[in-house]
Amino acid sequence: MLQYFFSCFTDTTQDCVFCDLTDKKIVYEDERIVAFHDISPAAKLHLLIIPRNHIDNVDSLTPNDAPLLKHMIDTGNQLLSESGYQLSERRVGFHVPPYNSVHHLHLHCIGLPYRNIFYSTKYTELVHWYSSGEKILKSLSSSTE
Numbered sequence: 001m002l003q004y005f006f007s008c009f010t011d012t013t014q015d016c017v018f019c020d021l022t023d024k025k026i027v028y029e030d031e032r033i034v035a036f037h038d039i040s041p042a043a044k045l046h047l048l049i050i051p052r053n054h055i056d057n058v059d060s061l062t063p064n065d066a067p068l069l070k071h072m073i074d075t076g077n078q079l080l081s082e083s084g085y086q087l088s089e090r091r092v093g094f095h096v097p098p099y100n101s102v103h104h105l106h107l108h109c110i111g112l113p114y115r116n117i118f119y120s121t122k123y124t125e126l127v128h129w130y131s132s133g134e135k136i137l138k139s140l141s142s143s144t145e
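The letter at position 75 of the sequence shown is residue 75 when you use full-length UniProt numbering, and the numbering goes up by one with no holes.
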């Protein structure tokens, strides 16, 4: 139990469950990314999109990663749209360090409503531990200017 709560302080390069991804209900994949269902969904539809190459978290992103990040966000929005979710019914974003449960960059793509109030606070920009994909992308793009 303590390992879960303190997972934000563990070594990020060993035992990455996403780097050794097998059949985890994959719903989309291409040469750069993989999308699959979250094992603890916050809503009826909760997908995770990860890059095939290991990137620890949003703090590890560089301006060179902007095209990858845009591809992840666009794919997440496309998958949510194909499942019938309007733009106002979606949350597409990242938890920011040190509030990561898995140390492999993963984009949360959530079709609202949330399963309960706990999830509505865990995945909102009203808190400091979560940021929209667009906000992260914008910060990467502005760092090149």
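Idealized CB from N, CA, C, for every residue including glycine.
Separation of V92 from L80, as counted between CA atoms: 10 Å
Inter-residue Cα distance where the pair is L137 and P97: 16 Å
Distance, L105 Cα to residue 148 Cα: This structure gives no information on residue 148, because the portion of the chain shown stretches from 1 to 145.
Under 9 Å between C-beta atoms of D65 and I55: yes
The stretch 38-53 contacting the stretch 113-123, beta-carbon criterion three pairs below 8 Å: The count of Cβ pairs closer than 8 Å, one atom from the stretch 38-53 and one from the stretch 113-123, reaches three, so the stretches are in contact.
Residue from E31, D30 and L45 with nearest C-alpha to H37: L45
Coil, strand or helix - R52 by DSSP: The three-state reading of DSSP puts R52 in coil, since its state is none of H, G, I, E or B.
Member of S83, K122 and L61 whose CA lies at the smallest distance from the CA of S141: L61
heavy atom of the ligand MN below 8 Å from T75 C-beta: The ligand MN is absent from the structure shown, which contains no ligands of any kind.
Residues of its chain near S120, where Cβ-Cβ distance is below 6 Å and the 5 sequence neighbours each way are ignored: Y114
Identified DSSP bridge partners for H46: I110
Beta-bridge partners of E29, as assigned by DSSP: Answer by DSSP bridge pairing, in chain order: V34.
Which of helix, strand or coil DSSP assigns to Y4: For Y4, the predicted model reports a pLDDT of 40, less than 50, meaning its position is unreliable and no value from the coordinates is stated.
Assigned secondary structure, H95 (DSSP; H/G/I helix, E/B strand, else coil): When secondary structure is reduced to three states using DSSP, H95 falls in the strand class.
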